[in-house]
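So the sequences go chain by chain: A and B. Under this note's numbering, think of the first position of the first sequence as 6, with each following residue one higher. Under this note's numbering, think of the first position of the second sequence as 6, with each following residue one higher.
There are 2 protein chains.
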Amino acid sequence: MKFKLLILLLFLGWGVRAQNYSADSLRIKGFFDMALTEGMAYSWLDDLSNKIGGRLSGSPEAAMAVEWARQVMDSLGLDSVWLQPVMVPHWVRGSEEKAAMISDATFGREEVNVCALGGSVPTAPGGLRAPVVELRSFDELEQLGESGIRGKIVFFNTPMDAKKISTFHAYGSCVGYRVNGASKAIEYGALAVIVRSMTLKIDDDPHTGVMHYSDPTKKIPAAAISTRDAERMSRALKHDPNLEFYLKMDCHELPEVRSFNVIGEIRGAEFPDEIIAVGGHLDSWDLGDGAHDDGAGCVQSMEVLRLFRKSNYHPKRTIRAVLFMNEENGLRGGIKYAEEAKRLGEKHIAALESDAGGFSPRGFSINDSSYVVRYFQNYRPLFLPYGVYMINAGYGGADISRLKAGGTTLIGLLPDPQRYFDYHHSREDTFDKVNPRELHLGAASMASLVYLISEHGIPKKMDKN
Amino acid sequence: MKFKLLILLLFLGWGVRAQNYSADSLRIKGFFDMALTEGMAYSWLDDLSNKIGGRLSGSPEAAMAVEWARQVMDSLGLDSVWLQPVMVPHWVRGSEEKAAMISDATFGREEVNVCALGGSVPTAPGGLRAPVVELRSFDELEQLGESGIRGKIVFFNTPMDAKKISTFHAYGSCVGYRVNGASKAIEYGALAVIVRSMTLKIDDDPHTGVMHYSDPTKKIPAAAISTRDAERMSRALKHDPNLEFYLKMDCHELPEVRSFNVIGEIRGAEFPDEIIAVGGHLDSWDLGDGAHDDGAGCVQSMEVLRLFRKSNYHPKRTIRAVLFMNEENGLRGGIKYAEEAKRLGEKHIAALESDAGGFSPRGFSINDSSYVVRYFQNYRPLFLPYGVYMINAGYGGADISRLKAGGTTLIGLLPDPQRYFDYHHSREDTFDKVNPRELHLGAASMASLVYLISEHGIPKKMDKN
């Protein structure tokens with residue numbers, strides 16, 4: 006009798022699971038169908054990219070983007086939409102960026118394509134002219150020492166590694182030169198740093214990005230040079246080691262500005278206190294229109310809420326779309342959001358970030374214990390029909406990173422990474438580089454994962470790391 | 006003792022397999038590293054696309070492409086390179102393609118974007134003007150019958166299904182209107198057919214492609230209309246069912262031309278009589294430069310041979326890159342190649358085709374028994390690190406299809422399918438739409454699979470289908 010009961014219970018259990026699976030599968034198909042046939046993310050992105058454009062923190066465009074996003078969220082019939090104030094830096098590129106290499110021995114003077122790195126101080130008004138020393142690593146900097154560096158412009162010419170299948174790994178190995186190059190070089194008396202643009206493409210577009218002074222009393226100008234000009238200068242230096250570089254920039258820091266994270270919420274029907282955040286960052290660099298970085302993540306996150314509303318899905322848990330301000334040069338929005346969550350005692354069970362471009366989704370990376378990663382891997386069959394095949398342990402995202410301390414499972418959307426750095430932080434990051442189907446497949450993937458977490462929660466975490 | 010021997014043999018067997026796996030894995034990494042750091046496919050494609058351009062069968066550009074491909078193959082140090090003669094059709098678009106919709110009741114006359122379908126007869130020199138009947142299916146054609154169709158232009162306005170994750174499935178459900186629409190409509194007395202372009206994008210570019218007259222004595226002009234104009238005309242017809250369409254085209258068929266498949270071969274060291282063919286088609290439509298369709302497949306196939314030579318891999322079996330002529334409007338090259346293989350008693354154990362665009366590779370589809378499919382699925386772990394996750398039963402490719410009768414395992418490369426039909430057969434299929442890393446990842450995937458087949462063969466095929 007007991008045995009029969011056990012069998013019966015097992016069958017019932019199996020039945021419930023199979024029913025779940027089938028219901029989940031149908032829901033997910035519904036999200037994909039809707040996103041692909043009447044998705045709004047692409048048309049929103051058109052507005053954000055082409056009507057507002059680049060929106061660096063503190064800029065009038067960033068303020069416009071906040072208001073625009075609030076209005077879009079307001080149109081979705083959510084339970085609440087609000088702005089979360091946050092003070093952000095206001096760095097501006099200024100009106101002039103000029104650079105040239107000068108070789109009295111060979112070609113005379115040739116203009117090169119550069120742009121100031123975000124946060125850089127300007128040169129003196131008349132510009133700066135000095136000999137160049139080309140380096141491949143911080144080790145070489147140390148080896149050369151002050152005698153080799155003082156009075157020179159340091160040129161970090163380290164290409165990204167094309168052999169890495171994920172371009173993000175290649176970026177990760179090089180971005181330190183951009184972020185910390187100036188602060189390291191000034192220790193040896195460098196006058197400025199020029200950093201090879203973080204892209205695998207050889208072209209004329211310099212790629213900006215944040216840089217950081219570790220000692221606020223020691224600042225030298227920092228610029229990115231296009232990959233083609235980096236290779237040109239490297240060749241020129243072999244012919245003429247006395248080659249000089251001329252750099253003129255009038256970028257500068259203005260007083261901090263009050264800005265906002267834009268937040269929209271659907272309140273959970275069963276567990277309203279368990280929050281699932283889905284987001285991207287609303288600010289972008291100023292050179293392009295920030296369509297891939299990270300307009301895509303913003304419109305996808307809003308699309309998640311729209312898909313839920315439109316398909317009459319009432320989530321068990323509270324779902325928030327969070328458009329973070331100031332990811333690029335300060336992370337102030339992400340920090341503020343986590344601080345407020347802590348202050349209010351909010352429980353974020355998961356946060357999903359899309360900040361790797363609006364390309365075909367290929368997976369999710371999960372920042373949590375291996376137990377939780379394996380739990381999510383059970384969902385793989387639900388995603389495979391949509392080409393989403395990777396569910397791995399990995400990075401969540403910058404904006405959501407500060408929620409980690411509160412025990413939140415952090416998740417990053419992994420789109421196809423091949424094209425991202427062709428555009429990233431350059432004037433090439435524009436709306437025309439986005440394919441609507443790829444963008445909408447990403448949004449539907451995000452909606453599907455948020456749905457699954459909302460329905461089934463995340464199990465107690467073992468082997469917490 | 007016997008038992009111990011068995012255990013020993015098992016361990017030895019396991020050891021050999023593990024060694025194989027490790028050797029294969031290293032080889033494959035070598036192909037990917039080489040393709041990503043010094044791949045030639047992209048620069049070859051630049052030449053083919055930008056120096057030669059669109060190369061419809063029989064055109065001077067197609068002849069140039071043959072000579073160009075022969076020269077590239079000659080430069081690779083192969084064991085042999087040859088041209089395989091084949092007679093091909095020579096259809097030309099002519100100098101004029103004009104169309105307009107005319108509504109005396111409402112807007113007067115508006116130009117629309119059309120292009121002749123490949124193989125279409127021209128209109129009369131003065132053009133053709135007639136009322137339009139819009140249909141969604143061949144069923145509707147039958148229902149309307151001769152009384153509804155005679156003397157009219159049939160407008161097949163069936164959009165591709167955006168819900169299909171593979172755009173190729175969506176294409177497959179619609180392409181019949183393009184291929185057979187004219188022959189079906191003429192049976193009911195239609196004067197011409199206008200077919201909605203086969204793309205999910207709403208834009209102004211008409212997409213051509215082959216059409217076919219089932220009865221050579223019954224021919225009416227056939228054109229593609231851009232998706233935006235298809236939707237415009239559909240709306241206009243609702244306001245004015247008497248709307249007329251004006252169409253003028255002077256496309257026509259010229260005498261057949263002698264052309265060539267271009268073939269390069271590395272002779273197998275152990276089993277030279279077992280041939281593995283890898284190919285794409287050298288001809289393209291005339292509107293764009295045929296970069297994705299199928300310049301990509303051609304340069305990837307040549308890159309397979311280059312990677313083998315460059316990495317000093319001496320294949321056990323004979324490897325052929327075959328650039329087929331006339332896939333688009335006749336398949337003469339594919340037919341000829343299979344005929345010659347049969348005539349010469351050649352044994353093709355496998356043929357791999359790349360004809361779905363030069364996008365990020367995501368898998369392979371195998372046209373063979375489920376036993377063989379499962380055999381190939383064992384290779385999945387070797388491909389997963391490169392984002393190639395699908396090994397499914399499915400279609401091989403048009404050019405290689407005629408080898409099927411000889412028992413050849415047919416294999417198709419499956420790139421990411423989202424963007425392909427944005428460009429396919431239109432003026433938008435140009436080199437700038439190709440990303441070098443995506444193209445080279447595809448080439449390395451092909452090289453890896455060809456390598457595995459060359460090393461390990463394909464096991465005896467059970468449950469042959």
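For every residue, glycine included, the Cβ atom is placed at its ideal position computed from N, Cα and C.
For a quick check, are the C-beta atoms of residue i and residue j less than 9 Å apart?
i: A:I268; j: A:V327; result: yes
i: A:L312; j: A:A40; result: yes
i: B:I199; j: B:F143; result: no
i: B:N331; j: B:P94; result: yes
i: A:A471; j: A:L248; result: No answer is possible for residue 471 of chain A: it lies beyond the span of chain A, which begins at 6 and ends at 470.
i: B:K321; j: B:S459; result: yes
i: A:D210; j: A:S365; result: no
i: A:D434; j: A:D298; result: yes
i: A:G59; j: A:G293; result: yes
Quick one: is the Cβ of residue i within less than 8 Å of any heavy atom of the ligand FMN?
i: A:R407; result: With respect to the ligand FMN, the structure offers nothing, as it holds no ligand at all.
Could you tell me whether any Cβ in chain B is nearer than 9 Å to the Cβ of residue i?
i: A:K469; result: With a pLDDT of 46 at A:K469, under the threshold of 50, the modelled position of this residue cannot be trusted; read the value that follows with caution. No, A:K469 does not count as interfacial toward chain B.
i: A:M165; result: no
i: A:I463; result: no
i: A:A23; result: no
i: A:K477; result: The structure shown does not extend to residue 477 of chain A, since chain A spans only 6 to 470, so no value can be given for it.
i: A:D437; result: no
i: A:L454; result: no
i: A:R60; result: no
i: A:N55; result: no
i: A:T232; result: no
For residue i, would you say it is in contact with chain A, using Cβ-to-Cβ distances shorter than 9 Å as the test?
i: B:F37; result: yes
i: B:D427; result: yes
i: B:P390; result: yes
i: B:M238; result: no
i: B:Y394; result: yes
i: B:E308; result: no
i: B:Y421; result: Here the sequence assigns Asp to residue 421 of chain B, which means Tyr is not the residue at that position. At least one chain A Cβ lies under 9 Å of B:D421.
i: B:R367; result: yes
i: B:E443; result: yes
i: B:L41; result: yes
Which residue marks the beginning of the beta strand (DSSP E) containing residue i, and which one marks its end?
i: B:Q89; result: 85-97
i: B:C120; result: 119-121
i: B:R114; result: 113-116
i: B:P260; result: 257-271
i: A:V200; result: 197-201
i: B:T323; result: 322-329
i: B:G447; result: Looking at the DSSP string, B:G447 is not in any beta strand (DSSP E); the run it does join, the alpha helix (DSSP H), is 441-461.
i: B:D278; result: 276-286
I need the boundaries of the alpha helix (DSSP H) containing residue i, first residue and last residue.
i: B:S239; result: 232-244
i: B:A110; result: That residue, B:A110, is in no alpha helix (DSSP H); it is neither H nor E in DSSP.
i: A:Y1; result: Because chain A spans 6 through 470 in this model, residue 1 of chain A falls outside it and cannot be assessed.
i: B:G58; result: Unbroken run through B:G58: none, as it is neither H nor E.
i: B:G153; result: 143-154
So residue i and residue j are supposed to be a Cβ contact under 8 Å. How far apart are they, rounded?
i: B:E102; j: B:M254; result: 5 Å
i: A:M395; j: A:L419; result: 6 Å
i: A:I57; j: A:A46; result: Contact flag wrong, Cβ pair sits at about 16 Å.
i: A:M106; j: A:F250; result: 6 Å
i: B:F360; j: B:G402; result: Sequence inspection shows Asp at residue 360 of chain B; the Phe mentioned does not correspond to that position. Confirmed, about 5 Å.
i: A:F381; j: A:S453; result: In fact, because the Cβ distance is near 12 Å, the residues do not count as touching under 8 Å.
If I measure Cβ to Cβ from residue i and keep anything under 7 Å in the same chain, skipping five residues before and after, which residues do I get?
i: B:D166; result: A175, S178
i: A:A346; result: H353, L408, G411
i: A:G156; result: A135, G194, L196
i: B:R98; result: A121, C256, D291
i: B:V455; result: I281, V283, V309, I324, L357
Among residues of its own chain, excluding the 5 on either side of residue i, which ones have a beta-carbon nearer than 8 Å to its beta-carbon?
i: B:G2; result: The question about residue 2 of chain B has no answer here: the residues shown for chain B are numbered 6 through 470.
i: B:D29; result: L387, Y456, L457, E460
i: B:A274; result: H319, P320, K321
I'd like the list of long-range same chain contacts for residue i, defined as Cβ closer than 6 Å, with 5 residues on each side in sequence excluded.
i: A:K169; result: A175
i: B:V173; result: Looking at the sequence itself, residue 173 of chain B is Phe, so the reference to Val does not match. So the qualifying residues of the chain are P422.
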